[in-house]
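What follows is a set of notes on a single structure, which appears directly below.
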Amino acid sequence: MATKQDLSNKEEQFIDNVKQSLDDAEKLLREAASATGDKATEMRESAMQSLRRTREALYDTQDVLVERGRRAARVTDDYVHDNPWQAIGMAGLAGVLIGALICRR
Numbered sequence: 001m002a003t004k005q006d007l008s009n010k011e012e013q014f015i016d017n018v019k020q021s022l023d024d025a026e027k028l029l030r031e032a033a034s035a036t037g038d039k040a041t042e043m044r045e046s047a048m049q050s051l052r053r054t055r056e057a058l059y060d061t062q063d064v065l066v067e068r069g070r071r072a073a074r075v076t077d078d079y080v081h082d083n084p085w086q087a088i089g090m091a092g093l094a095g096v097l098i099g100a101l102i103c104r105r
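With the UniProt record's numbering applied, the sequence shown corresponds to residues 1 to 105, in that order.
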């Protein structure tokens, strides 16, 4: 299982990669706007390829996050089925705390 530090490093690396890819695509599209002919076509294709890589990275991240959410939901469901009275107690306590916060001025 990954540690929080590993996850934080991966998150930062992912964000840096997305930013770099989007910056590259933006730069190429600006250059393509001022260029003509084959060079412009080549720059546009490079920009589109960069955007496709970014989209794939975002989809991969989405898949990982959805899987983590499903896993968390599954663990929570198992816990509630194994410990129903504790779950009811925690839900009641959460309701009391939220109610107290709402009623407080």
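Glycine included, every Cβ here is placed at the ideal spot set by N, Cα and C.
For clarity, every value in this text was computed on a predicted model and none was experimentally measured.
Using a Cβ distance threshold of 8 Å, determine whether the segment 44-58 contacts the segment 14-28, with at least three qualifying pairs required. Proximity of the segment 44-58 to the segment 14-28 meets the contact definition, three or more beta-carbon pairs being nearer than 8 Å.
For A47 versus A25, is the C-beta spacing smaller than 7 Å? yes
If you draw a straight line from the C-alpha of I88 to the C-alpha of V80, how long is it? Near 9 Å, if we compare the C-alpha coordinates of V80 and I88.
Mind checking which residues open and close the alpha helix (DSSP H) that includes R68? G37 to D82
Rounded to the nearest angstrom, what separates T3 and V75 at their Cα positions? Those two C-alpha atoms are separated by around 19 Å.
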